[in-house]
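Read the structure below first, then the notes.
Chains as they are written, first to last, in the numbering used here: chain E, 1 to 352; chain D, 353 to 487.
Set out below in structure tokens:
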């Protein structure tokens with residue numbers, strides 16, 4: 001491997017140090033061999049990758065689209081040893097403190113994330129609408145990246161328009177959808193799968209993109225789904241997606257909407273409510289109104305924690321959703337068909 | 353009590369929900385829920401009114417000192433240098449109506465969330481994805 005010239009970064013004058021990472025962007029972008037175009041929340045993205053295997057992941061997981069002649073956002077996935085690589089960032093302080101970096105870059109055009117264990121960098125220039133994902137080697141991404149690749153870059157791009165990704169699943173019926181928020185183990189993914197298997201639609205089980213300009217609207221950002229082995233068997237997925245749902249790094253089956261064999265799913269839907277499911281092993285699924293504050297505390301913490309370099313924006317977006325949407329705590333039943341029917345009735349406005 | 357208090361920097365963000373307030377310290381990842389009384393006092397402090405002036409317009413039973421102590425203890429405020437802002441008529445009316453003790457509830461949900469969902473491999477202070485220290 002060619003030895004990369006180190007580009008030192010530190011929390012002092014960080015914006016000036018980040019700028020050179022974009023040097024030669026046009027040439028490097030053009031030279032990257034693999035191209036993936038995708039469309040999230042009304043924004044056309046064009047990603048070119050020096051790692052062709054990474055593009056295969058993008059094609060599988062992102063909502064791919066016909067390349068736009070003028071993509072609003074361009075992302076370069078670059079490797080350390082590509083011929084045009086000018087150097088490699090190196091954090092020159094003992095610790096990389098996400099919050100300090102976020103604060104240092106707040107009023108600048110840049111957003112930055114660094115995963116030290118894989119030497120994995122994500123940088124976004126808000127002025128140019130260009131993103132960089134730097135990987136030390138091919139497939140040199142963190143274990144969890146394959147479920148939601150380019151997540152931070154997508155969020156930073158959408159945040160420029162007042163939207164962004166939120167940590168929530170969704171279920172839809174006809175032209176309306178609900179968001180499903182809650183911590184791990186609350187039943188979000190299982191509820192989404194129960195709905196999908198019984199005639200409802202979904203825009204995602206873990207993250208959805210949100211726009212607020214013309215009412216609150218949720219958009220598909222990722223095609224991935226996941227489920228722990230217990231839920232996978234309980235939902236009867238073992239035969240249905242056999243051989244296409246390998247266990248991911250956390251021991252959950254990871255697969256896509258396509259693997260599930262359900263009809264084509266919508267790209268976006270207006271959102272009518274925020275639902276906070278919890279596994280209640282109840283006789284039947286019930287909905288009870290909760291306060292905006294309670295909804296916010298279910299929605300905000302995980303999203304704010306998981307998307308670095310935009311925490312204050314995510315906090316505000318989650319607050320707007322919690323304030324503007326009616327919220328319900330949902331005690332989940334045990335039968336997937338019953339859960340789906342309860343959500344269908346709720347979405348249809350016929351729930352008791 | 354006669355010095356104004358400032359929010360402890362841009363790490364402190366907050367949102368109001370029907371009179372309740374949720375405050376987040378971005379540097380620690382810790383969330384706080386304020387009841388409506390605490391929300392009124394917080395807004396006044398954030399506007400630059402000093403605690404002594406607030407106390408003068410509160411019912412004697414309202415324990416402002418304990419509330420201020422909790423704000424300091426949780427690194428939500430620092431003593432400011434600027435001159436305090438005077439109490440407005442509107443604020444005076446709001447303060448006179450307060451009958452509930454101001455309460456600050458601390459949510460450590462984020463820590464629970466980290467334990468509950470390993471994909472969200474977070475550290476409360478550092479955010480995500482940073483591996484928490486193995487116990």
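Think of the CB as a built atom: it goes at the ideal place given N, C-alpha and C, for glycine as much as any other residue.
Examine chain E for any beta-carbon lying closer than 7 angstroms to the beta-carbon of residue i, and answer yes or no.
| i | result |
| --- | --- |
| residue 375 of chain D | no |
| residue 434 of chain D | no |
| residue 465 of chain D | Caution applies to residue 465 of chain D, whose pLDDT of 43 falls short of 50 and renders its modelled position unreliable; the model cannot decide the point. |
| residue 359 of chain D | no |
What three-state label does DSSP hand residue i in the structure shown?
| i | result |
| --- | --- |
| residue 218 of chain E | strand |
| residue 306 of chain E | helix |
| residue 230 of chain E | helix |
| residue 242 of chain E | coil |
| residue 338 of chain E | helix |
| residue 155 of chain E | helix |
| residue 72 of chain E | coil |
| residue 270 of chain E | strand |
| residue 172 of chain E | strand |
| residue 355 of chain D | coil |
| residue 126 of chain E | coil |
| residue 96 of chain E | coil |
| residue 465 of chain D | Residue confidence for residue 465 of chain D is low, a pLDDT of 43 falling below 50, so the modelled location carries little weight; the figure read from the coordinates is stated next. DSSP places residue 465 of chain D in helix when its eight states are reduced to three. |
| residue 322 of chain E | helix |
| residue 106 of chain E | coil |
| residue 131 of chain E | strand |
| residue 188 of chain E | helix |
| residue 177 of chain E | strand |
| residue 301 of chain E | helix |
Based on Cα-Cα distance, which residue from the options lies nearest to residue i?
| i | options | result |
| --- | --- | --- |
| residue 437 of chain D | D/454, D/387, D/400 and D/383 | D/400 |
| residue 445 of chain D | D/433, D/424, D/409 and D/432 | D/409 |
| residue 5 of chain E | E/26, E/115, E/136 and E/166 | E/136 |
| residue 152 of chain E | E/52, E/303 and E/335 | E/303 |
| residue 460 of chain D | D/450, D/382 and D/418 | D/382 |
| residue 364 of chain D | D/353, D/372, D/384 and D/371 | D/384 |
| residue 167 of chain E | E/12, E/305 and E/20 | E/305 |
| residue 228 of chain E | E/31, E/184, E/123 and E/316 | E/184 |
| residue 347 of chain E | E/271, E/335 and E/307 | E/271 |
| residue 370 of chain D | D/443, D/391, D/404 and D/427 | D/391 |
| residue 148 of chain E | E/100, E/223 and E/106 | E/223 |
| residue 373 of chain D | E/232, E/319 and E/345 | E/319 |
| residue 345 of chain E | E/314, E/329, E/308 and E/287 | E/287 |
Report buried or exposed for residue i, applying the criterion of at least 16 other Cβ atoms within 10 angstroms of its Cβ.
| i | result |
| --- | --- |
| residue 350 of chain E | exposed |
| residue 247 of chain E | exposed |
| residue 66 of chain E | exposed |
| residue 133 of chain E | buried |
| residue 454 of chain D | buried |
| residue 89 of chain E | buried |
| residue 98 of chain E | buried |
| residue 95 of chain E | exposed |
| residue 466 of chain D | Note that residue 466 of chain D scores 36 on pLDDT, short of 50, meaning its location in the model is unreliable and no value can be drawn from it. |
| residue 379 of chain D | buried |
| residue 52 of chain E | exposed |
| residue 276 of chain E | buried |
Within a Cβ cutoff of 8 angstroms, which residues of the same chain sit near residue i, ignoring the five residues on either side of it in sequence?
| i | result |
| --- | --- |
| residue 322 of chain E | 274, 292, 293, 295, 296, 299 and 300 |
| residue 47 of chain E | 35, 36, 37, 38, 55, 58, 74, 75, 76, 77 and 150 |
| residue 269 of chain E | 170, 172, 175, 176, 177, 201, 203, 217 and 218 |
| residue 338 of chain E | 284 and 285 |
| residue 40 of chain E | 62, 63, 154, 158, 209, 219, 220 and 221 |
Starting from the C-beta of residue i, find all residues in its chain whose C-beta is less than 6 angstroms away, skip the five residues before and the five after it, and write them out in chain order.
| i | result |
| --- | --- |
| residue 245 of chain E | 253 and 255 |
| residue 119 of chain E | 136 |
Counting only C-beta atoms, is residue i closer than 7 angstroms to chain D at any point?
| i | result |
| --- | --- |
| residue 312 of chain E | yes |
| residue 296 of chain E | yes |
| residue 280 of chain E | no |
| residue 124 of chain E | no |
| residue 15 of chain E | no |
| residue 292 of chain E | yes |
| residue 168 of chain E | no |
| residue 315 of chain E | yes |
| residue 329 of chain E | no |
| residue 99 of chain E | yes |
| residue 335 of chain E | no |
| residue 107 of chain E | no |
| residue 319 of chain E | yes |
Given residue i, which residues of its chain have a CB within under 7 angstroms of its CB, disregarding the five upstream and five downstream residues?
| i | result |
| --- | --- |
| residue 195 of chain E | 171, 202, 340 and 343 |
| residue 64 of chain E | 36, 37 and 38 |
| residue 431 of chain D | 355 and 357 |
| residue 440 of chain D | none |
| residue 188 of chain E | 169, 180, 182, 205 and 277 |
Hey, would you say the C-beta of residue i is under 6 angstroms away from at least one heavy atom of the ligand PLP?
| i | result |
| --- | --- |
| residue 12 of chain E | With respect to small molecules bound, the structure shown includes none, and the ligand PLP cannot be examined in it. |
Pull out every residue of the segment 361 to 385 of chain D whose Cβ sits closer than 8 angstroms to any Cβ of chain C, in chain order.
Within the model displayed, chain C is absent; protein chains E and D are what it includes.
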